[in-house]
Amino acid sequence: MFRPMRRFKQQVSEEECIKILQEELRGVLAVHGENDYPYCFPINFYYDEAIGKIYFHGAREGHKVDAIKKNNHVCFTVMNQGFKKENDWAYSVISVIIFGRVEDVIEPEEKNRSLQALAEKYYPSKEAATKEVLKDGNRANVIALVIDHMTGKLVHEA
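The opening position of the sequence shown corresponds to residue 2 in the numbering used here, with each subsequent residue numbered one higher.
Spelled out as structure tokens, the structure:
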């Protein structure tokens, strides 16, 4: 169903992909937008390795929500910060590309758990994260990305 990576010698392991999903703070989520245009936007996320899902939160209405209701197949991309090899001007980066389907998180326990984990990734302390989730968590829309296909690639920008 999914194409093999054309430049397979640059492919990185699933373990390296997971490491990037755990360490990086933002990715770009692409949905099928309006008028046959893709709609891509940067977004915070949390990867739950135990169940293999990526969680996002946001508003309950808007372009993203409307697009997902129409077609829940998405592409999500994350890149690491990159590095320079000695005596090289260009960066090398690892990108992770994920194809999957997003679904609303409705079950209260999963919603609370994923919101707490997402908040803990970005807030300065667990206490601050918990305070925010208790204050505004019931208003948040939480979606989960079920991964159908994931690849990682080492790219040298030169």
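All C-beta atoms, glycine included, are put in the ideal place defined by N, C-alpha and C.
Output needed for residue i: all residues of its chain with C-beta closer than 7 angstroms, excluding positions within five of it in sequence on either side, in chain order.
i	result
histidine 157	Ala91 and Ser93
aspartate 105	Ile144
phenylalanine 84	Tyr92 and Ser93
By Cβ distance, which residues of its chain are closer than 6 angstroms to residue i, with the 5 residues on each side in sequence left out?
i	result
isoleucine 99	Phe77, Ile148 and Met151
glutamate 133	Ala120
When the Cα atoms are used, what is the spatial distance from residue i to residue j?
i	j	result
arginine 114	glutamate 50	13 angstroms
cysteine 18	isoleucine 55	13 angstroms
glycine 125	glutamine 117	Correcting the residue identity first, residue 125 is proline in this sequence and not glycine. Their Cα atoms are separated by approximately 13 angstroms.
proline 39	histidine 64	11 angstroms
glutamate 108	glycine 53	17 angstroms
glutamate 16	tyrosine 48	13 angstroms
valine 1	glutamate 128	The requested residue 1 does not occur in the structure, where the chain is confined to residues 2 to 159.
proline 5	arginine 140	40 angstroms
methionine 80	glycine 101	18 angstroms
isoleucine 95	arginine 27	14 angstroms
alanine 130	aspartate 37	38 angstroms
asparagine 142	glutamine 82	29 angstroms
lysine 136	lysine 86	46 angstroms
glutamate 62	glycine 138	16 angstroms
methionine 2	arginine 8	18 angstroms
lysine 70	glycine 153	28 angstroms
leucine 146	aspartate 89	37 angstroms
Return the Cβ separation of residue i and residue j in integer angstroms, given the expectation that the two are a contact with Cβ distance under 8 angstroms.
i	j	result
valine 97	isoleucine 21	5 angstroms
leucine 155	valine 13	6 angstroms
Do residue i and residue j have their CB atoms nearer than 9 angstroms?
i	j	result
lysine 122	asparagine 45	yes
alanine 60	glutamate 35	no
leucine 119	phenylalanine 57	yes
Considering only DSSP beta bridges, list what residue i is partnered with.
i	result
leucine 119	In the DSSP output, where bridge partners are listed per residue, leucine 119 has none listed.
isoleucine 43	The sequence given here has proline at residue 43, not isoleucine. Proline 43 pairs with Val29.
serine 93	Phe84 and His157
valine 75	Gly101
threonine 152	Ile98
If I measure Cβ to Cβ from residue i and keep anything under 8 angstroms in the same chain, skipping five residues before and after, which residues do I get?
i	result
glutamate 24	Asn81
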